[in-house]
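Engineer: This is the structure, below, for whatever I ask next.
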Amino acid sequence: MATMGAGMMTEKKNLWEFSTRQVVYGAIGAALYGVLSWVTNFVPLPAAGNVTFRPAVAVLVFFGVAYGPWVGFLAGLFGNILGDAISGFGFYWNWSLGNGLMGLIAGMAFGMADFRKTANIVRAVIWSVIGIVVGMLFASLTEMITSGIDLNTALVGYFTPAFLGNLVVTVILLPILMIAFAGVAAGRGR
Amino acid sequence: MLVTWKYRPRDTFLQRLDPRARILYLACVTLAVTVSQVWDFRLLLPVCLISLALYFTGRLPWKDVRRAWTLILLFITLILGLNALLSGRGGPMAVLDEAQQTIIYQSGALVVPVTGWALRLTLTVERVWFAAAQMVRILSMVALAIPIPYTIDPSMYGVTFRRMGLPDKAAQTIDLAFRFVPTLGRDFALTMDAQRARGYELEQLRVGPIERLRRLAPLIVPVVMSAIVSGEDVVDAMDLRAFGTRPRTWLRAGWLRFRPADYALLGLGVALMVGFVTISLMGYGDFWVPEFMYRLFQ
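Just so you know, the sequences run in chain order A and B. For reference, each letter of the first sequence is one residue, going 7 to 196 in the numbering used here. For reference, each letter of the second sequence is one residue, going 141 to 438 in the numbering used here.
Spelled out as structure tokens, the structure:
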């Protein structure tokens, strides 16, 4: 337990480190992302128009913020494959890669000492939102190549609903997860 | 709430294929139909039929896949309908002049205030046939993608990707993730019950969407935090066993073996890819509309 959060309060953090910790937390992030995506199919969730809110996205960007870009990338990439496997939807490389990019870019906020500070929470939310934009743009624009749709349809049909839903979820749930994580870390004596 | 995998062992042709051959064939088909930009329905249809034939060799019960097919087909139809109505463009249609198209239906102009833009919904024979070509193209990939969760053993994903060249650590991440799923599914169920026992309510809420999302926190936070805390034990256990110091071995690596059918599938995939790109380079495979479509709407 002594090194939880990659030495959360003390050690200098290496953004691109890829060791056992990244493997394990990438796997936990992916499993949580996949399971939560599946579980929330059974919980009544708010939806506006064709925008559905996927709370799992907040967990994904949180893993990026807390454990770095590799963990965010692996959690998004494999979490999406896993979620599709549990739900039985199939295997869609471009959406999995888009989710991976979302987690990777959120991971650029990695290295903050105190998750309770407003400035740090804002920084994490900003990186996560950039991640959502890039990840969902990647997935939506690759649909132009695979489905042969035009830019308008890709933006209206795919990007906008995905972006808006993920944005709302991240802004609401990411700060809650960060503060809870800071509490857990502090409770462990770091 | 038990997480159950969609996978069931079935002695079918599709399931006997090496998972690597199937994923590589899916990649070949994706590249063949996308990179080449071949939009000739007569060329796309055989690829789609091969995918569907492979799909049916899996002999998946309809009740298992009904939900996936319904949702995916509904979504694709909505997107293609939107594309046809919004602009009808994308692919080869981008260069097709609307003035040369045969109009089936055109709505009155809707003028956008301030900008003065006139929006008009137009449906043409070319747009409808383009949507049909898009559907066939997407189906040729979807028919290969949908059976994957039903026919590939979850414990084989890690070693499959490892044998396809993914680094050991990344492959181990997949393997671990699949192993964590049942535990985390159980944790969610336990947390949900525990919170309900404390009066936690999610179904009968009369609050807005934002507040509803906030109320998910008592469910999500405990599960995520306990997973993080227990993850430390896994890190320690793996480090103590010298994980990552040398290439690991995989228990089920022996299960992966290319047989003649796998080579045939892979050969077919490569042939399709090379064939489609060659056809495109030779200047064939452009968008084509059958004569009967024009006669139908004249």
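Here a beta-carbon is modelled for each residue, glycine too, at the ideal position from N, C-alpha and C. Nothing here was measured: the structure is a model prediction, and the numbers come from that model.
Less than 9 Å between CB atoms is the rule here; does Arg199(B) satisfy it with respect to chain A?
Structural biologist: no
Engineer: Using a C-beta to C-beta distance shorter than 7 Å, which residues of chain A count as neighbours of Gln241(B)?
Structural biologist: Within 7 Å Cβ-Cβ: nothing; Gln241(B) doesn't reach chain A, min ~15 Å.
Engineer: Hey, Thr159(A) and Leu222(B) are a contact pair by Cβ (cut 8 Å); roughly how many whole angstroms apart?
Structural biologist: Yes, Thr159(A) and Leu222(B) are in contact; Cβ-Cβ is about 5 Å, under 8 Å.
Engineer: Do the CB positions of Pro294(B) and Phe318(B) come within less than 9 Å of each other?
Structural biologist: yes
Engineer: Would you check if the stretch 293-313 of chain B and the stretch 261-275 of chain B touch, i.e. whether three or more CB-CB distances between them fall below 8 Å?
Structural biologist: As far as the Cβ criterion goes, the stretch 261-275 of chain B does not touch the stretch 293-313 of chain B, which means the pair count is below three.
Engineer: Can you tell me whether Ala8(A) is buried or exposed, with buried defined as 16 or more other CB within 10 angstroms of its CB?
Structural biologist: Low per-residue confidence applies at Ala8(A): pLDDT is 43, beneath 50, and the placement is therefore not dependable, though the value from the model is reported in the following sentence. Flag for Ala8(A) reads exposed.
Engineer: Identify which residue in Ile219(B), Thr331(B), Leu211(B) has its Cα closest to the Cα of Asp4(A).
Structural biologist: The structure shown does not extend to residue 4(A), since chain A is modelled only from 7 to 196, so the question has no answer here.
Engineer: Quick one: is Pro287(B) near chain A, going by C-beta distance under 9 Å?
Structural biologist: yes
Engineer: With a Cβ-Cβ cutoff of 9 Å, do Ala3(A) and Val71(A) count as a contact?
Structural biologist: Limits of chain A in this structure are 7 at one end and 196 at the other, which puts residue 3(A) out of reach.
Engineer: Just the C-alpha distance for Arg352(B) and Val177(A), rounded to the nearest angstrom, thanks.
Structural biologist: 14 Å
Engineer: So, are the CB atoms of Leu406(B) and Phe416(B) less than 9 Å apart?
Structural biologist: no
Engineer: Where do the N-terminal and C-terminal ends of the beta strand (DSSP E) with Tyr424(B) fall, by residue?
Structural biologist: Neither: Tyr424(B) is in no beta strand (DSSP E) and is coded neither H nor E.
Engineer: Measuring CB to CB, does Gln241(B) end up less than 9 Å from Leu261(B)?
Structural biologist: no
Engineer: Return the chain-ordered list of same chain residues with a C-beta closer than 7 Å to the C-beta of Val429(B), the five sequence neighbours on each side being excluded.
Structural biologist: Counting only Cβ-Cβ distances below 7 Å, and skipping sequence neighbours, we find Val265, Glu266, Trp269.
Engineer: Restricting to Cα atoms, I'd like to know which of Thr323(B), Thr174(B), Ile286(B) is closest to Lys146(B).
Structural biologist: Ile286(B)
Engineer: Verify whether the separation of the beta carbon atoms of Ala130(A) and Phe121(A) is less than 9 Å.
Structural biologist: yes
Engineer: Output the distance between the C-alpha atoms of Leu170(A) and Gln28(A), rounded to the nearest integer angstrom.
Structural biologist: Going by the C-alpha atoms only, they are around 29 Å apart.
Engineer: Between which two residues does the beta strand (DSSP E) containing Gln240(B) stretch?
Structural biologist: For Gln240(B), no beta strand (DSSP E) segment is defined, and its DSSP state is neither H nor E.
Engineer: Given that a residue counts as buried once 16 or more other Cβ atoms are within 10 Å of its Cβ, and exposed if not, what is Arg386(B)?
Structural biologist: Arg386(B) comes out exposed.
Engineer: Starting from the C-beta of Leu157(B), find all residues in its chain whose C-beta is less than 7 Å away, skip the five residues before and the five after it, and write them out in chain order.
Structural biologist: Ala401, Asp402, Leu405
Engineer: With respect to the alpha helix (DSSP H) encompassing Leu110(A), which residues constitute its N-terminal and C-terminal limits?
Structural biologist: 99-112
Engineer: Please report the Cβ distance between Gly109(A) and Ala81(A), rounded to the nearest whole angstrom; I am assuming they are in contact, meaning their Cβ atoms lie under 8 Å.
Structural biologist: 5 Å
Engineer: For Met422(B), count the other beta carbons within 10 Å of its own beta carbon; 16 or more makes it buried, fewer makes it exposed. Which is it?
Structural biologist: exposed
Engineer: Can you look up Ile244(B) in the DSSP assignment and give me helix, strand or coil?
Structural biologist: strand
Engineer: CB-CB under 8 Å to Thr46(A), same chain, minus the five flanking residues each way: which ones, in chain order?
Structural biologist: Cβ within range, chain order: Arg60, Pro61, Ala62.
Engineer: Pull up the CB-CB distance for Ala168(A) and Met142(A), whole angstroms please, since I reckon it's below 8 Å.
Structural biologist: 4 Å
Engineer: Quick check on Leu263(B): does DSSP put it in helix, strand or coil?
Structural biologist: strand
Engineer: Quick one: measure Cβ to Cβ for Phe24(A) and Lys309(B), integer angstroms, because I've assumed they're closer than 8 Å.
Structural biologist: 6 Å
Engineer: At least one CB of chain B closer than 9 Å to the CB of Met7(A): is that the case?
Structural biologist: Because the pLDDT of Met7(A) is 43, which lies under 50, any placement of that residue in the model is unreliable, and the number read from its coordinates should be weighed accordingly. Yes, contact with chain B.
Engineer: By a C-beta neighbour count over all protein chains shown, 10 Å radius and 16 as the cutoff for buried, is Phe97(A) buried or exposed?
Structural biologist: buried
Engineer: If you follow the alpha helix (DSSP H) that Asp90(A) is part of, which residue opens it and which one closes it?
Structural biologist: 75-93
Engineer: What is the rounded straight-line gap between the Cα of Tyr340(B) and the Cα of Leu330(B)?
Structural biologist: The alpha-carbon separation between Tyr340(B) and Leu330(B) amounts to approximately 13 Å.
Engineer: Is the beta carbon of Ser134(A) sitting closer than 9 Å to the one on Leu180(A)?
Structural biologist: yes
Engineer: Give a yes or no on whether the C-beta atoms belonging to Thr197(B) and Leu154(B) are separated by under 9 Å.
Structural biologist: Yes; because the gap between Cβ atoms is below 9 Å, this pair is in contact.
Engineer: Starting from Thr174(B) and walking both ways along the alpha helix (DSSP H), at which residues does that stretch end?
Structural biologist: 159-175
Engineer: Between the alpha carbons of Ser176(B) and Ile368(B), how many angstroms are there, rounded?
Structural biologist: Spanning the two alpha carbons is a distance of roughly 46 Å.
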